[in-house]
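Sequence positions in the sequence shown follow the numbering used here and run 913 to 1385.
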Amino acid sequence: MPPRKKSRQKKANTTPAKTWGGRFSQSSHPLADAYTVSVDIDRRLWREEIAASIAHARMLGRQRIIPRADASRIVRGLREIGREIEAGRFRWREELEDIHTNVEARLRQKIGAAADRLHTARSRNDQVATDLRLYAKAACDRTADAIRAFQLALLGLAEANSTVAMPGYTHLQRAQPVLLAHHLLAYIEMLERDIERFAQARHRADALPLGSGALAGVPYPIDRASVAKELGFSRLCENSLDAVADRDFVVDYAAAAALCMTHISRLAEEIVLWSSAEFGFLRLPDAFSTGSSIMPQKRNPDIAELARARTARVQGELVTLLSMLKGLPLAYNRDLQEDKRAFFSAEDTLLETLAVFAAMTPELQFDAERGRKAATANYALATDYADLLVRQGLPFRQAHEVIGRLVRYAEKKGKPFDALTPAEFRRFSPLFPEDAANLGLDAALRARSAPGGTAPRRVAAALRRWRRKLEDA
Ligand code: ARG
C-alpha cells in the first residue's frame, strides 16, 4: 500500500475536480458522466478554442481585468497546449467533459494559479458559440473551395466532350436533343449557387459571441471589438441571449450542405442510369466502379449510389438541427451540445463526396456515337419539325397538331422521320420543304441559339465564360 498522501496526489492528477464542482456534495454517476461527455466530438474545435482563449486573455490583460503578467502566462501556456495538441501529445480526458475544460485543466497543470483567471468575464456558453462560429466560417471556406474543384472537373469533362450530343429528358422520356456539355454546365450553375449559399452562411456566422457571458452579458469593462478584430470577426453579436442561444449559423451550413448534396445526388442518379446497359452512354472508370462478388461481368456505380444515400444522411442532419432548436427556451440549453455532431457529420460527408466526385469526373467516358443516335431516336426532333412549320407561317398550336399526326403515322409505319419521303411529309402539310427528312440533329441543336440554349455556339461561349470565371476565382 503506498502512503496515503501519495495516492491522494495521484488521484488529483488523474481526475481533477469538475469546473463546476463547488456546489455539489456528491460526485456524479459514471453513467451521467459518460452521457454528458462531448470531448470526443468537440476536440475538433481545438484551434478555435486556443485562438479564442488567447484573444480573450490578451484583452483581459489589456483592460487590466486580470494582471498583465497572468495574461502573458496564460497566452504562453495556451500556445504550448496548441502545440501539444497539434503534435498529438495532448492527453484528452473524457472525465473532463469537453474541450473547454480539457484545455483549462491542462493550462492549470502548466502555469498554476494564473490559469484560474482565464475564465473571468466569459462562460462556456459564449466560448463554445465563439469556437463554433470560427469553425463554421472556415468550414464554409473549405467547402466553397471543394465545390470549386468539382466545378473545374465538370468543366474539364464538358470541354473534352464539347460536341457530344445526347437526348435531353423530361419525365425521363427522350424530349429534345442537347449537348452533353450543356447538361454538365447545368450542374456547374447549381454548384455556383451552392457556393453563394456557403458565402452567405459564412457571412451570418461572422459575428463574435464572446462577451455575452452565460446569457446576460458580463460585469467587467471588456473590449469586445478588439477580440473580434483579433479573431477576424467582422462584427459583434448584438444581443447576449441570442449570441449564446442560437445555432442558426449551423443550420445555414447544414441547409446549404443538404442542398449541395441534393445537387450531387441528382448527378449521381444520372451516372447510375447512364452507365446501365439500357442507357449505355457512360463507361465507369475501373478505379471508381466495383464488381459483384457473384456476377463477374458487373461494373457497379457504387460511388454514385453511396452519394445518393449519403445525401439522405446530410438532409437528416439538417432536420436534426432544426428539431433540436425548435423547442428550446432561451438561452443556452445543453441540447445545443448536439449541434456539433450533426454539423461535423454534414461537413465531412459533403467534403468526402465532393472530393470523390472531383476525382471521378475526369475519368468518365461517354459513348458519343450512342449519345448521338439516342439524341434523335423516338422522334426527339418532333418539336423541331413543328418549329419548321412555324417558320413557314403556321401557328405553333396547329403545327403541334400536324406533327402529332405525322408521328402517329410514322410510328405505325415503323419509320423514323429521316426515312419518310417528301410525299409522306406533304400528306400532313404542304408547308414541308422538299428536304424535310434531312432536318437532322445538328440543325436541331444549332437552332436553339437563344441565350441559355444548347446551340453549340452558345455552349462554346458558356464553356469559355466558365473557364475564365473558374480560373480567376
Ligand atoms: N460542451 C458544451 C456544449 O458544447 C459547452 C457549453 C457548456 N455549458 C454549460 N452550461 N453546460 O454545448
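Beta carbons: idealized from backbone N, C-alpha and C, even for Gly.
query, result
"Between R1220, P1345 and T1232, which has its C-alpha nearest D1247's C-alpha?", "T1232"
"Less than 8 Å between the CB atoms is what I'm expecting for A1065 and A1270, so what's the real figure, rounded?", "4 Å"
"Roughly how many angstroms lie between the CA atoms of N1037 and G1125, to the nearest whole one?", "7 Å"
"Quick one: is the Cβ of L1248 within less than 7 Å of any heavy atom of the ligand ARG?", "yes"
"So, F1110 versus A1166, is the Cβ gap smaller than 8 Å?", "no"
"In three-state terms, what does DSSP make of Y892?", "Residue 892 is absent from the structure shown; the chain starts at 913 and stops at 1385."
"Any idea what DSSP makes of M913, helix, strand or coil?", "Residue confidence for M913 is low, a pLDDT of 40 falling below 50, so the modelled location carries little weight; the figure read from the coordinates is stated next. Three-state result, M913: coil."
"Where does N1014 sit, in a helix, a strand or coil, going by DSSP?", "helix"
"For the alpha helix (DSSP H) containing R1086, list its first residue and its last residue.", "No alpha helix (DSSP H) contains R1086, which is instead part of the beta strand (DSSP E) from Q1085 to L1091."
"Taking contact to mean 3 or more Cβ pairs, one atom from each stretch, closer than 8 Å, check whether the segment 1159 to 1173 and the segment 1130 to 1140 are in contact.", "no"
"Exposed or buried, what is F936 when buried is set at 16 or more other beta-carbons lying within 10 Å of its beta-carbon?", "exposed"
"Measuring alpha carbon to alpha carbon, tell me which residue in R1147, D945, R1284 and E1071 is nearest G1192.", "R1284"
"Identify the continuous beta strand (DSSP E) that holds T1366 and give its terminal residues.", "Run containing T1366: none; DSSP gives neither H nor E here."
"Assign H941 to one of two classes, buried (16 or more other C-beta atoms within 10 Å of its C-beta) or exposed (fewer than that).", "exposed"
"Could you tell me whether the Cβ atoms of S950 and E1009 are closer together than 8 Å?", "yes"
"Here's the rule: buried if 16 or more other CB atoms are within 10 angstroms of the residue's CB, otherwise exposed. What is M971?", "buried"
"Could you check where the alpha helix (DSSP H) with G1228 kicks off and where it finishes?", "D1214 to K1238"
"Run the CB neighbour count on Y947, radius 10 Å, all protein chains shown included, and call it buried at 16 or more, exposed below.", "exposed"
"For R956, which residues in the same chain have their Cβ closer than 7 Å to its Cβ, ignoring the five residues on either side in sequence?", "F1256"
"Flag this pair as touching only if the segment 1302 to 1318 and the segment 1337 to 1354 have three or more C-beta atom pairs under 8 Å; answer yes or no.", "yes"
"With the cut-off set at 8 Å, would you say P1274 and L1069 are in Cβ contact?", "yes"
"When the Cα of R1330 is compared with those of D1299, A1294, A1280 and S1361, which residue comes out closest?", "In the sequence on display, residue 1330 carries Asp and not Arg. That would be A1294, whose Cα lies nearest to the Cα of D1330."
"In the DSSP assignment, find the unbroken beta strand (DSSP E) run with M1078 in it and report its ends.", "A1077 to T1082"
"Indicate whether E1229 and A1258 have their beta-carbon atoms separated by less than 8 Å.", "yes"
"Determine the DSSP secondary structure at Q1039, reduced to helix, strand or coil.", "helix"
"Is V1040 near the ligand ARG, judged by its Cβ being under 7 Å from some heavy atom?", "yes"
"How big is the Cα-Cα spacing for W1378 and D982?", "54 Å"
"By Cβ distance below 6 Å, which residues in the same chain neighbour I962 in space, the five residues on each side in sequence not counted?", "L990 and G994"
"If you measure from the CB of R935, is any heavy atom of the ligand FMN nearer than 7 Å?", "Ligands in the displayed structure: the ligand ARG; the ligand FMN is not one of them."
"Could you check what DSSP says for Q1277 in three-state terms: helix, strand or coil?", "strand"
"Would you mind sorting R1034 into buried or exposed? The rule is 16 or more other CB atoms within 10 Å of its CB.", "buried"
"Taking 8 Å as the threshold (C-beta atoms), are L1046 and L1143 in contact?", "yes"
"Who are the Cβ neighbours of S919 in its own chain at under 7 Å, not counting the five residues just before and after it?", "Reliability fails at S919, whose pLDDT of 40 lies under 50, so the model's placement of it is uncertain and no value is given."
"Can we count D1053 as close to the ligand ARG, meaning its CB is less than 7 Å from some heavy atom?", "no"
"First and last residue of the alpha helix (DSSP H) that includes K1141?", "R1136 to L1143"
"Could you tell me the alpha carbon to alpha carbon distance between V1130 and E998, rounded to whole angstroms?", "32 Å"
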